[in-house]
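Trainee:
Number of protein chains: 2
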Amino acid sequence: MARQATGAAQRVAVAAETLRDEKFNARRVELAEAALETLGELGFARTSLREIAQNSAFTHGVFHYYFSDKLDLICCCVRHYKAKCVTRYDEVVTTAQSRDELTEGFLAKLAATLQDEARMHRLWYDLRSQAMFEPAFRKDVLEIDKSLEAMIWRIATRYAELGNRKPASSPAALYALFDGLFQSALLRHLASDEKAIPDLLDEVRRLLPTIC
Amino acid sequence: MARQATGAAQRVAVAAETLRDEKFNARRVELAEAALETLGELGFARTSLREIAQNSAFTHGVFHYYFSDKLDLICCCVRHYKAKCVTRYDEVVTTAQSRDELTEGFLAKLAATLQDEARMHRLWYDLRSQAMFEPAFRKDVLEIDKSLEAMIWRIATRYAELGNRKPASSPAALYALFDGLFQSALLRHLASDEKAIPDLLDEVRRLLPTIC
DNA sequence: CAATAATTTGGACAACCGTCAAGACGGCTG
DNA sequence: CAGCCGTCTTGACGGTTGTCCAAATTATTG
Chain A
1 MARQATGAAQ RVAVAAETLR DEKFNARRVE LAEAALETLG ELGFARTSLR EIAQNSAFTH
61 GVFHYYFSDK LDLICCCVRH YKAKCVTRYD EVVTTAQSRD ELTEGFLAKL AATLQDEARM
121 HRLWYDLRSQ AMFEPAFRKD VLEIDKSLEA MIWRIATRYA ELGNRKPASS PAALYALFDG
181 LFQSALLRHL ASDEKAIPDL LDEVRRLLPT IC
Chain B
1001 MARQATGAAQ RVAVAAETLR DEKFNARRVE LAEAALETLG ELGFARTSLR EIAQNSAFTH
1061 GVFHYYFSDK LDLICCCVRH YKAKCVTRYD EVVTTAQSRD ELTEGFLAKL AATLQDEARM
1121 HRLWYDLRSQ AMFEPAFRKD VLEIDKSLEA MIWRIATRYA ELGNRKPASS PAALYALFDG
1181 LFQSALLRHL ASDEKAIPDL LDEVRRLLPT IC
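Just so you know, the sequences run in chain order A and B. For the first sequence, position 75 matches number 75 in our numbering, and the numbering has no gaps at all. If you want our numbering, it's the position in the second sequence, counting the first as 1, plus 1000.
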């Protein structure tokens, strides 16, 4: 068939194929998004394909049509999660015109994230832990970690810039610090500790001036 | 029976009962220790009672005799893990007579832990993530987290003391920082990144003087 | 030593898991 | 309209899971 096709026909065929691929991939993302709901609710260990299907508009067979197996699905979930997550604070960083403005914008976003997206974030910590056992997750997880580190670094350098300084520590240390604080606050928040969020905000507010 | 017992007989009965309890509890710990082997190898999500039993000297029935269910077993594992973990750096803290000595002792222990006990530590991160989903784990996990924070704080205050200073940040922030760094290094180490351990040591070596 | 209790065994159970495949559906093309 | 193709449904499969239990074994007591 391909040998008989003219140049134009080939181009049409290729276009049709990429269109199909895009549609296929869009569907994958749709399914991954639906899966994230259940994963965020139950966690990796307790989530089965059937449970995912039941909490969504799809049947369990569809997932096997679009994903080669369970790991493939969850890898797709992780990658999709990344896209949503990594730019969370960028608007604050680009619009803030002073240290105070940046601080308050960052803190507000931090509190809102902890309050409204706790389920999605506990899933992130769950999957990052899974990556320590499951090699198939490692590449994506390490990549997301790098992206999150870069995100924190953008905040820190902008904060330093607004004070005509430079960050006093490395990107890795800064990310470790904020990630550790956030993780701890998240756990406390999920355990119905009402001081979790204010404590985190206080801590970050105190910390920001000392890192630059 | 109790009404007819004399005071002495009562005391004997009580003693016998506590002895039985101790024996019972010692067996529980034995089983928990065996379970930790498999948990550290496979992670919470992939570990079944039968797998635990197969990798140990016990049959799967025994676990149900000593634990009411799977969660009960794993809670016991977590609590037992704590006892082993929380005093890891205490010898270094008490024996070090100078900042350098403390630094080198701490770094050496850090590297050894990452190298030799990676499996047990990834399990800790796994179970801490599970606690975000499973309320039954939260109490013990939060308690261990507090103990680890105190452990780090002992190191920091001793380090500060040896330089006639005081730590510049809160216990929570310090623990978040070291925990975050360790977690990241552990993931990289498990992903066969050979720079994971030296990078961690460099980072900590640079960080220690700045926090006091 | 007998009898009573504690411990251990190994199999049975129903429920659930990931995977798969045969067929139904609906739109598009020739 | 007939036939094809991508999409989706449904049910079945072999295997594993947590749990439970009756019987066997061991320890403890009178």
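Each residue gets a CB set at the ideal place from its N, CA and C atoms; glycine is no exception. Computed from a predicted model, the values in this text were never measured in an experiment.
Are the Cβ atoms of E1041/B and R1119/B separated by less than 9 Å?
Mentor: As a position in the second sequence, residue 1041/B is number 41, starting the count at 1. As a position in the second sequence, residue 1119/B is number 119, starting the count at 1. Closer than 9 Å, so yes.
Trainee: Which first and last residues belong to the alpha helix (DSSP H) in which I155/A is found?
Mentor: To locate residue 155/A, count along the first sequence from 1; it is residue 155. Note, I155/A: alpha helix (DSSP H), P135 to L162.
Trainee: Under a three-way DSSP split, which group does Q1097/B fall into?
Mentor: Translated into the one-based positions of the second sequence, residue 1097/B becomes position 97. Looking at Q1097/B - three-state DSSP - the assignment turns out to be coil, as it is neither helix nor strand.
Trainee: With distance defined between alpha-carbon atoms, name the residue in K70/A, E143/A, L110/A and D116/A nearest to A83/A.
Mentor: Looking up residue 83/A in the first sequence gives position 83. Selected option, being the one with the closest Cα: E143/A.
Trainee: So which residues of chain A does R1138/B contact, with C-beta pairs closer than 7 Å?
Mentor: Here residue 1138/B refers to the residue found at position 138 of the second sequence. Per Cβ cutoff of 7 Å: A191.
Trainee: My understanding is that H1064/B touches R1050/B, with C-beta atoms under 8 Å, so please give their C-beta distance in whole angstroms.
Mentor: Taking the second sequence and counting its residues from 1, one reaches residue 1064/B at position 64. Taking the second sequence and counting its residues from 1, one reaches residue 1050/B at position 50. Not really, about 11 Å apart at Cβ, beyond 8 Å.
Trainee: How would you label S184/A, buried or exposed, when you count the other beta carbons within 10 angstroms and need 16 or more for buried?
Mentor: Looking up residue 184/A in the first sequence gives position 184. Classification of S184/A: buried, given that the 10 Å Cβ count is 16 or more.
Trainee: Quick check: the Cα distance between R1206/B and E117/A, rounded to an integer number of angstroms?
Mentor: The count along the second sequence starts at 1 and reaches residue 1206/B at position 206. The count along the first sequence starts at 1 and reaches residue 117/A at position 117. Going from the Cα of R1206/B to the Cα of E117/A covers about 35 Å.
Trainee: Any contact between the region 1095-1110 of chain B and the region 95-103 of chain A? By contact I mean 3 or more CB pairs, one from each, below 8 Å.
Mentor: Touching, no, given that fewer than three Cβ pairs across the two stretches are closer than 8 Å.
Trainee: Apply the 10 Å Cβ neighbour rule to G1163/B and answer buried if 16 or more other Cβ atoms are within range, or exposed otherwise.
Mentor: Counting from 1 along the second sequence, the entry for residue 1163/B is found at position 163. Looking at its Cβ environment, which holds fewer than 16 other Cβ atoms inside 10 Å, G1163/B is exposed.
Trainee: Report yes if the C-beta distance between S1169/B and R128/A is below 9 Å; otherwise report no.
Mentor: The count along the second sequence starts at 1 and reaches residue 1169/B at position 169. The count along the first sequence starts at 1 and reaches residue 128/A at position 128. Their beta carbons are not under 9 Å apart, which means S1169/B does not touch R128/A by this criterion.
Trainee: Here's a check: name, in chain order, each residue in its chain whose Cβ is nearer than 7 Å to the Cβ of A1150/B, leaving out the five neighbours to either side.
Mentor: For the purposes of this step, residue 1150/B is identified with residue 150 of the second sequence, where counting begins at 1. Excluding positions up to five away in sequence, the list is empty.
Trainee: So which residues of chain B does M151/A contact, with C-beta pairs closer than 8 Å?
Mentor: Counting from one through the first sequence, the residue named residue 151/A turns up at place 151. Under the 8 Å cutoff, chain B gives no residues; its nearest Cβ is about 15 Å from M151/A.
Trainee: Tell whether a beta-carbon distance below 9 Å holds between H1080/B and A1026/B.
Mentor: Taking the second sequence and counting its residues from 1, one reaches residue 1080/B at position 80. Taking the second sequence and counting its residues from 1, one reaches residue 1026/B at position 26. Their beta carbons are not under 9 Å apart, which means H1080/B does not touch A1026/B by this criterion.
Trainee: With a 10 Å radius around its C-beta and 16 neighbouring C-beta atoms as the bar for buried, classify D126/A as buried or exposed.
Mentor: Translated into positions along the first sequence, residue 126/A becomes position 126. Flag for D126/A reads buried.
Trainee: At a Cβ threshold of 9 Å, is P198/A touching chain B?
Mentor: Taking the first residue of the first sequence as 1, we reach residue 198/A at position 198. It does not; no Cβ of chain B falls within 9 Å.
Trainee: Output, in sequence order along the chain, the residues in the region 1079-1097 of chain B whose CB is closer than 8 Å to any CB in chain A.
Mentor: Those residues of the region 1079-1097 of chain B that come within reach of chain A (Cβ to Cβ, closer than 8 Å) do not exist; the list is empty.
Trainee: With H, G and I counted as helix, E and B as strand and the rest as coil, what does DSSP make of R1206/B?
Mentor: By one-based count along the second sequence, residue 1206/B stands at place 206. If DSSP states are grouped into helix, strand and coil, R1206/B belongs with the helices.
Trainee: Rounded to the nearest angstrom, what separates C1076/B and K1146/B at their Cα positions?
Mentor: Numbered from its first residue, the second sequence carries residue 1076/B at position 76. Numbered from its first residue, the second sequence carries residue 1146/B at position 146. C1076/B and K1146/B: Cα-Cα distance of roughly 18 Å.
Trainee: Output yes or no for whether 9 Å exceeds the beta carbon distance between A1172/B and D199/A.
Mentor: For the purposes of this step, residue 1172/B is taken as residue 172 along the second sequence, with counting starting at 1. For the purposes of this step, residue 199/A is taken as residue 199 along the first sequence, with counting starting at 1. In contact: A1172/B and D199/A (Cβ atoms closer than 9 Å).
Trainee: What residues in its chain sit with their C-beta under 8 Å from that of C1212/B, if we drop five residues either side in the sequence?
Mentor: Position 212 of the second sequence, counting from 1, holds the residue named residue 1212/B. Cβ neighbours of C1212/B beyond the five flanking positions: A1156, Y1159, A1160, G1163, R1165, K1166, P1167 and A1168.
Trainee: Would you identify the three-state DSSP class for T1087/B, choosing helix, strand or coil?
Mentor: In the second sequence, the residue the question calls residue 1087/B occupies position 87. DSSP places T1087/B in coil when its eight states are reduced to three.
Trainee: Using a C-beta to C-beta distance shorter than 9 Å, which residues of chain A count as neighbours of G1043/B?
Mentor: Within the second sequence, the letter at position 43 stands for residue 1043/B. Here the neighbours are A45, S129, Q130, M132, F133 and E134.
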